[in-house]
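Numbering (our numbering), first residue to last: 9 to 95.
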């Protein structure tokens, strides 16, 4: 993945491992990527994800709710419903 830092690559790889039908918080993903405490960094990586749908950033949610998704959070909710992650 050219143009990405090693930390960003670790976030992308950890995101690819989130199973269909599951969600993780930004903070949890930071821990899985080996950079605990970097939830905001994870959010920035997700916001600039250019590898969707190979990197399912819609499965990464806020610890207090659904979180953002580009310009259309409704699409994120739709994808999570299709995968059975939310009702």
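Glycine residues also receive a C-beta, built at the ideal position from the N, C-alpha and C atoms.
This structure is a prediction, so every number in the text was calculated from the model and none was measured.
Residues bridged to residue 81 by DSSP?
None; residue 81 has no bridge partner.
Among all the DSSP beta bridges, which residues are the ones paired with residue 73?
According to DSSP, residue pairing for residue 73 in a beta bridge involves 70.
Assumed close pair residue 77, residue 51 - CB separation to whole angstroms, cut-off 8 Å:
Actually they do not touch by this definition, with Cβ atoms about 11 Å apart.
Can you give the Cα-Cα distance for residue 46 and residue 39, rounded to whole angstroms?
In this structure, the straight-line span from the alpha carbon of residue 46 to that of residue 39 is close to 8 Å.
Where residue 60 sits in the DSSP three-state scheme:
Secondary structure of residue 60 (DSSP, three-state): coil.
For residue 37 versus residue 14, is the C-beta spacing smaller than 8 Å?
One thing to note: residue 37 has its Cβ no nearer than 8 Å to the Cβ of residue 14.
In this structure, what does DSSP give as the bridge partners for residue 33?
Residue 33 is bridged to 69.
May I ask you to report which of helix, strand or coil DSSP gives residue 48?
DSSP places residue 48 in helix when its eight states are reduced to three.
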